[in-house]
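Numbering (our numbering), first residue to last: 3 to 342.
We put the beta carbon where it would ideally sit given N, CA and C, even for glycine.
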């Protein structure tokens with residue numbers, strides 16, 4: 003029970019997110035983001051199957067290496083999951099595995115089928131040994147003056163792709179960076195890269211051939227935070243299912259240079275979202291045999307702790323999480339958040 007108590011305290015949010023963010027489509031629109039007192043949601047993950055007809059034509063996906071997060075780039079009124087089901091029924095040149103909105107999750111492709119979502123031209127997944135011993139989990143990848151990749155200022159023997167016949171520079175790398183991993187030999191490995199000619203950015207390969215693609219909705223008037231809660235829960239579920247670590251969650255930007263998922267990126271909330279994924283991962287992996295119930299007298303949040311009403315001034319929100327283990331033992335954790 004002690005571990006569950008500490009987990010809930012880790013999920014607790016002192017200041018609830020309450021801010022304006024921009025969504026993107028044909029125009030830029032402003033939406034109010036209403037966060038939660040917890041970085042996890044206790045509601046169940048429900049996936050509705052809405053498979054694309056004749057999906058076998060897309061071919062087989064390789065071993066799942068990445069979970070690739072997008073947003074739809076469609077902030078029109080009504081551009082929710084159901085609308086994107088209809089869009090895929092028209093057989094467009096793109097496809098992806100899941101769509102997430104504020105109501106739930108819709109699956110369009112089996113996870114062993116390729117989706118055309120990453121923008122990398124289905125270039126194959128490959129990791130290259132840099133021969134450099136790893137010193138940290140998140141090294142900085144740059145490009146030397148003569149066009150070779152460098153890791154934390156140490157030069158590799160791996161050439162970066164040319165940029166229209168010129169030697170590339172560090173600023174030519176997609177903003178989310180060259181993907182790095184630490185191999186079993188304790189060396190840094192980097193993703194095979196290519197030049198995405200559309201965005202003129204050096205990008206990573208393998209997002210299409212070895213990635214599960216998820217589109218998150220940003221439709222006008224929708225509850226963006228509820229969408230991200232569902233998204234975090236789905237991403238965590240897929241990581242556990244495919245035995246992947248958190249470092250395998252990627253942005254569309256990694257594979258093409260496109261500014262996507264744009265709303266999460268431009269609002270500087272990607273790291274916050276990844277904290278949500280991390281905690282959802284722990285909830286599903288370590289506490290699946292526990293029940294968590296939230297109680298509050300506040301009219302500002304719902305039974306999952308999510309903000310549903312807007313305060314007019316700085317307001318404290320007192321709430322209690324009841325924890326019940328598989329032996330039916332109970333304990334309560336009393337917490338206080340604030341919103342302004």
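Selected residue, minimal CA-CA separation from residue i, among the options
i: residue 300; options: 328, 286 and 341; result: 341
i: residue 196; options: 188, 206, 190 and 189; result: 206
i: residue 62; options: 113, 19, 90 and 91; result: 113
i: residue 5; options: 337, 339, 338 and 326; result: 326
i: residue 291; options: 328, 203, 199 and 308; result: 328
i: residue 318; options: 333, 337 and 324; result: 337
i: residue 249; options: 259, 279, 271 and 258; result: 279
i: residue 216; options: 227, 204 and 240; result: 240
i: residue 101; options: 232, 27 and 223; result: 232
i: residue 77; options: 316, 225 and 314; result: 225
i: residue 297; options: 321, 87 and 276; result: 321
i: residue 19; options: 275, 104 and 262; result: 275
i: residue 49; options: 30, 32 and 103; result: 103
i: residue 201; options: 308, 332 and 174; result: 174
i: residue 159; options: 219, 145, 315 and 31; result: 145
i: residue 107; options: 46, 21 and 148; result: 46
i: residue 264; options: 212, 29 and 126; result: 29
i: residue 312; options: 7, 9, 34 and 128; result: 34
i: residue 286; options: 245, 149, 316 and 271; result: 245
i: residue 168; options: 176, 156 and 150; result: 150
i: residue 22; options: 219, 186, 223 and 93; result: 223
i: residue 262; options: 308, 218 and 228; result: 218
i: residue 92; options: 295, 176, 56 and 7; result: 56
i: residue 271; options: 308, 284, 230 and 260; result: 230
Secondary structure of residue i, DSSP reduced to three states
i: residue 314; result: coil
i: residue 321; result: strand
i: residue 266; result: helix
i: residue 207; result: coil
i: residue 304; result: coil
i: residue 225; result: coil
i: residue 181; result: coil
i: residue 173; result: helix
i: residue 130; result: strand
i: residue 242; result: helix
i: residue 14; result: strand
i: residue 3; result: coil
i: residue 168; result: strand
i: residue 2; result: In the structure as shown, the chain starts at 3 and stops at 342, and residue 2 therefore has no counterpart that could be examined.
i: residue 286; result: helix
i: residue 384; result: Missing from the structure shown is residue 384; the chain here goes from 3 to 342 and no further.
i: residue 150; result: strand
i: residue 337; result: strand
i: residue 202; result: coil
i: residue 297; result: strand
i: residue 235; result: helix
i: residue 156; result: strand
i: residue 193; result: strand
i: residue 255; result: helix
i: residue 281; result: helix
i: residue 309; result: strand
Residues of its chain near residue i, where Cβ-Cβ distance is below 8 Å and the 5 sequence neighbours each way are ignored
i: residue 178; result: 252, 253, 255 and 256
i: residue 310; result: 36, 302, 303 and 304
i: residue 138; result: 154
i: residue 334; result: 322, 323, 324 and 325
i: residue 16; result: 339 and 340
i: residue 31; result: 24, 25, 77 and 222
Residues of its chain near residue i, where Cβ-Cβ distance is below 6 Å and the 5 sequence neighbours each way are ignored
i: residue 2; result: Any property of residue 2 remains undetermined from this structure, which presents the chain solely from 3 to 342.
i: residue 154; result: 141 and 142
i: residue 58; result: none
i: residue 243; result: none
i: residue 12; result: none
Cβ distance (whole Å) where residue i is taken to contact residue j below 8 Å
i: residue 180; j: residue 193; result: 6 Å
i: residue 130; j: residue 163; result: The pair is not a contact, with the Cβ atoms about 13 Å apart (cut-off 8 Å).
i: residue 44; j: residue 306; result: 6 Å
i: residue 68; j: residue 97; result: Not a contact, Cβ separation roughly 16 Å.
i: residue 60; j: residue 115; result: 5 Å
i: residue 72; j: residue 39; result: Their Cβ separation, rounded to whole angstroms, is 28 Å, which puts residue 72 and residue 39 out of contact at 8 Å.
i: residue 343; j: residue 214; result: An answer regarding residue 343 cannot be provided, because it is not within the stretch 3 to 342 covered by the chain.
i: residue 198; j: residue 269; result: Not confirmed; about 24 Å, so no contact.
i: residue 331; j: residue 3; result: 6 Å
i: residue 228; j: residue 9; result: At roughly 22 Å, the Cβ-Cβ gap does not stay under 8 Å, so residue 228 and residue 9 are not in contact.
Neighbourhood of residue i by C-beta distance below 7 Å, restricted to the same chain and skipping five residues each side
i: residue 282; result: 42, 234, 235 and 238
i: residue 80; result: 221
i: residue 190; result: 132, 134, 136, 141, 153, 182 and 184
i: residue 54; result: 90, 97, 110 and 111
i: residue 51; result: 109
i: residue 171; result: 145
i: residue 64; result: 127, 211 and 212
Cβ-heavy atom distance, residue i to the ligand FMN, below 7 Å
i: residue 238; result: Of ligands this structure carries none, so the ligand FMN is not represented either.
### Task
Would you mind listing the alpha helix (DSSP H) stretches within the region 68-115 that are 4+ residues and don't spill past its ends, in chain order?
Whole alpha helix (DSSP H) segments, 4+ residues: 83-91.
### Message
Runs of 3 residues minimum, wholly inside the region 28-62: which ones carry the beta strand (DSSP E) assignment?
### Response
If we require 3 residues or more, the beta strand (DSSP E) runs fully inside the region 28-62 come out as 30-36 and 49-51.
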